[in-house]
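This report concerns only the one structure given below.
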């Protein structure tokens, strides 16, 4: 699919969600189950992206200490846990990866 | 009109602390989208066409991974579904506005515009000019997002190619997610989604990502349900 088509449809869907209940006010309520499920979207989607980036090396599981991205990722997780700051986490994680690749 | 103007600027003022946090984020997005292989124009215009931070980062990652278009669209939909909650929560306060206002305010309804606006509506209720506050908050965020994206795209082009910058995207996701992992259903959702993503990695069309997301969402939801019903957590 063309990237512009992807952006256009993605944008339309996003707008649709934002407009949906403002438009449908009084005619539709969000079920409790869905309300609850929505809280778990960020941890689920983001972890599903993060794990393969850290644990897979050229498509195969790599738990070795030589897997620099895994080690740097774990250091970034520690930095995020302690600092709770996006910028610090990115800087620490990138610095760790550069250092490990250089070693 | 004076009252409208005043509310608009009240909205802008309430948004300023959030803008400080959003600005570097927009710059990072701009630089990484370019690095992920999107064109300058696509990187920039995604910020106004989609206009939803985390889904834009994820789209950049998926473009970098050469995921097919329908998987990217599906992922954007899952990630942005939460905006229905904001829509539901603001709907009663906006019900008397014209359709044009509803469309405009819906377009501007991001996490960051929602937060100060719902606080205002809940403390004051809907007054004749309250929607100008939401417009002020939403527009100032929109403007900041466009400018910071542009600056990021501009600076991103200057970053040397031998830096492993593609790794900055997963690290950004780590920075977004680790601080919210406090309760056990959240942690279980993240771990189960992550492990499923590893097991399902070789599914065609990057569908492992979608599958993993649904497994994580289901695990978190079920565990929370058991907790609130007084069962063993």
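Residue numbers (the working numbering), protein chains in the order written: chain A, 1 to 103; chain B, 1001 to 1233. The beta carbon of each residue, even a glycine, is placed where N, CA and C say it ideally should be.
Handout entry: At least 3 beta-carbon pairs within less than 8 Å: the stretch 1072 to 1092 of chain B vs the stretch 8 to 21 of chain A
Key = The answer is yes - the stretch 8 to 21 of chain A touches the stretch 1072 to 1092 of chain B, with three or more Cβ pairs under 8 Å.
Exercise for the section: Could I get the ranges of all uninterrupted alpha helix (DSSP H) runs contained in the stretch 1049 to 1096 of chain B, with 4 residues as the minimum, in chain order? Expected result: Complete alpha helix (DSSP H) runs here, min 4: 1053 to 1064, 1069 to 1080 and 1083 to 1094.
Exercise for the section: Leaving out five residues on either side along the sequence, give the residues of the same chain with a beta carbon under 6 Å from the beta carbon of residue 1145 of chain B. Expected result: Hits under 6 Å: 1026 and 1047.
Practice task
Check the Cβ-Cβ distances between residue 1178 of chain B and every residue of chain A, and say whether any is below 8 Å.
Solution key: Answer yes: the Cβ-Cβ gap between residue 1178 of chain B and chain A drops below 8 Å somewhere.
Exercise for the section: May I ask you to report which of helix, strand or coil DSSP gives residue 57 of chain A? Expected result: DSSP places residue 57 of chain A in strand when its eight states are reduced to three.
Handout entry: Reduced DSSP category for residue 1112 of chain B - H, G, I as helix; E, B as strand; rest coil
Key = Residue 1112 of chain B: helix per DSSP, three-state reduction.
Exercise for the section: Decide yes or no for the touch test of the stretch 1212 to 1220 of chain B against the stretch 1177 to 1195 of chain B: beta carbon pairs closer than 8 Å, at least 3 of them. Expected result: Contact holds between the stretch 1212 to 1220 of chain B and the stretch 1177 to 1195 of chain B, because three or more Cβ pairs, one in each stretch, are under 8 Å apart.
Handout entry: Cβ shell of residue 1232 of chain B (< 6 Å), same chain only, five flanking positions each side left out
Key = Summary for residue 1232 of chain B: the model assigns pLDDT 48, below 50, so the residue's position carries little reliability; its value from the coordinates is reported in the next sentence. Cβ neighbours of residue 1232 of chain B beyond the five flanking positions: none.
Exercise for the section: Could you tell me whether the stretch 1093 to 1108 of chain B touches the stretch 32 to 49 of chain A, using the rule of 3 or more Cβ pairs below 8 Å? Expected result: Under the Cβ criterion (8 Å, minimum of three pairs), the stretch 1093 to 1108 of chain B does not count as touching the stretch 32 to 49 of chain A.
Practice task
Could you list the residues in the stretch 1157 to 1181 of chain B with a C-beta less than 7 Å from some C-beta on chain A, going in chain order?
Solution key: Within the stretch 1157 to 1181 of chain B, the residues whose Cβ lies closer than 7 Å to some Cβ of chain A are 1164, 1167, 1168, 1170, 1171, 1172, 1173, 1174, 1175, 1176, 1177, 1178, 1179, 1180 and 1181, listed in chain order.
Exercise for the section: Kindly indicate which three-state DSSP category residue 1232 of chain B falls into: helix, strand or coil? Expected result: Residue confidence for residue 1232 of chain B is low, a pLDDT of 48 falling below 50, so the modelled location carries little weight; the figure read from the coordinates is stated next. In the structure shown, residue 1232 of chain B adopts coil according to DSSP, grouped into three states.
Exercise for the section: Express the C-alpha separation of residue 8 of chain A and residue 38 of chain A in angstroms, rounding to a whole number. Expected result: Between residue 38 of chain A and residue 8 of chain A, the alpha-carbon positions lie close to 24 Å from each other.
Handout entry: Proximal residues of chain B, C-beta to C-beta of residue 22 of chain A below 7 Å
Key = In chain order: 1087, 1090, 1091, 1094, 1102 and 1106.
Practice task
Taking C-beta pairs closer than 7 Å, name the residues in chain B that residue 66 of chain A reaches, listed in chain order.
Solution key: One finds nothing in chain B with a Cβ atom closer than 7 Å to the Cβ of residue 66 of chain A; even the nearest lies about 15 Å away.
Practice task
Report yes or no: is there a C-beta of chain B within less than 8 Å of the C-beta of residue 27 of chain A?
Solution key: No, because no Cβ of chain B sits closer than 8 Å to the Cβ of residue 27 of chain A.
Exercise for the section: In angstroms with no decimal places, state the Cα-to-Cα distance between residue 100 of chain A and residue 40 of chain A. Expected result: Straight-line Cα distance between these residues: approximately 33 Å.
Practice task
Decide if residue 1182 of chain B is buried, meaning its Cβ has at least 16 other Cβ atoms within 10 Å, or exposed.
Solution key: Residue environment analysis places residue 1182 of chain B among the exposed positions, since fewer than 16 neighbouring C-beta atoms fall within 10 angstroms of its C-beta.
Handout entry: Partner residues on chain B for residue 5 of chain A, Cβ-Cβ distance less than 8 Å
Key = Under the 8 Å cutoff, chain B gives 1069.
Practice task
Using a cut-off of 7 Å between C-beta atoms, extract the partners of residue 81 of chain A located in chain B.
Solution key: Result: 1178.
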